[in-house]
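This report refers to the structure that appears directly beneath it.
Residue numbers (this note's numbering): 37 to 223.
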């Protein structure tokens, strides 16, 4: 049983595009780097790239700072938010709390100045606001796993057909249309 992470990456990015964002950055701060990377890492990024290209936009090079400590990640994000070419929206693989902290430290107001969408369910309100996200349907995954086991017991020689489970959209308070101000040319 697995999740349709590529579709999730597309849906997250499309939501931001539909709200009017054009300068969308993909940020991956996870510390699990190495040769045994989870399939979601490539799939979420691929979905982001696909959605950007479908909309006629050039995907930015992803920010992949997993090899850095959390405090250095936040410091780098603060610098990113203070740069003249800062994004108006971020698709975060995870660690949205660090993105929110860096935005606050840089004087950036979420979602007025930058929108953030992420994946998963862990600690999504720990930074003081509900983060817009695509949630992993754990209960459905468990039910699907049991169903597959029962099917295999009933027909041990029959191959199983695995369908990836779609992620569920959870509305938070971190996505809005881009703020139209003197930064208009960067959106």
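Note that beta-carbon positions come from the ideal geometry of N, C-alpha and C, so glycine has one too.
Please report the Cβ distance between residue i and residue j, rounded to the nearest whole angstrom; I am assuming they are in contact, meaning their Cβ atoms lie under 8 Å.
{"i": "residue 201", "j": "residue 173", "result": "5 Å"}
{"i": "residue 106", "j": "residue 134", "result": "6 Å"}
{"i": "residue 183", "j": "residue 204", "result": "With 8 Å as the limit, residue 183 and residue 204 do not qualify as a contact, their Cβ atoms being about 19 Å apart."}
{"i": "residue 138", "j": "residue 108", "result": "No, residue 138 and residue 108 are not in contact; Cβ-Cβ is about 11 Å, not under 8 Å."}
Hey, residue i and residue j: beta-carbon distance below 7 Å or not?
{"i": "residue 211", "j": "residue 153", "result": "yes"}
{"i": "residue 142", "j": "residue 118", "result": "yes"}
{"i": "residue 64", "j": "residue 100", "result": "yes"}
{"i": "residue 92", "j": "residue 213", "result": "no"}
{"i": "residue 115", "j": "residue 61", "result": "no"}
{"i": "residue 81", "j": "residue 98", "result": "yes"}
{"i": "residue 78", "j": "residue 46", "result": "no"}
With residue i as the anchor, note down where its beta strand (DSSP E) starts and where it stops.
{"i": "residue 64", "result": "60 to 64"}
{"i": "residue 183", "result": "Careful: residue 183 lies outside any beta strand (DSSP E), inside the alpha helix (DSSP H) at 174 to 190."}
{"i": "residue 169", "result": "168 to 171"}
{"i": "residue 127", "result": "125 to 128"}
{"i": "residue 148", "result": "Neither: residue 148 is in no beta strand (DSSP E) and is coded neither H nor E."}
{"i": "residue 204", "result": "204 to 206"}
So which of the options has the shortest CA-CA distance to residue i?
{"i": "residue 129", "options": "193, 83, 165", "result": "83"}
{"i": "residue 148", "options": "155, 193, 123, 63", "result": "123"}
{"i": "residue 180", "options": "156, 190, 198", "result": "198"}
{"i": "residue 39", "options": "176, 188, 194", "result": "176"}
{"i": "residue 58", "options": "76, 94, 48, 131", "result": "94"}
{"i": "residue 48", "options": "74, 75, 88", "result": "88"}
Residues in the same chain with beta-carbon distance under 8 Å from residue i, minus the five sequence neighbours each way, listed in chain order, please.
{"i": "residue 54", "result": "none"}
{"i": "residue 136", "result": "146, 152, 163, 164, 165, 167, 210"}
{"i": "residue 185", "result": "none"}
In the DSSP assignment, the alpha helix (DSSP H) including residue i goes from what residue to what residue?
{"i": "residue 154", "result": "From DSSP, residue 154 is part of no alpha helix (DSSP H) but of the beta strand (DSSP E) over 151 to 155."}
{"i": "residue 76", "result": "75 to 90"}
{"i": "residue 53", "result": "41 to 54"}
{"i": "residue 241", "result": "Beyond the ends of the chain as shown, which are 37 and 223, falls residue 241; an answer cannot be given."}
{"i": "residue 112", "result": "106 to 118"}
Grab me the residues of residue i's own chain with a C-beta within less than 7 Å of its C-beta, minus the 5 sequence neighbours each way, in chain order.
{"i": "residue 207", "result": "168"}
{"i": "residue 120", "result": "none"}
{"i": "residue 44", "result": "80, 83, 155, 170, 203"}
Might you give, ordered along the chain, the residues of its own chain that have their beta carbon closer than 6 Å to the beta carbon of residue i, omitting 5 neighbours on each side?
{"i": "residue 37", "result": "177, 180, 181"}
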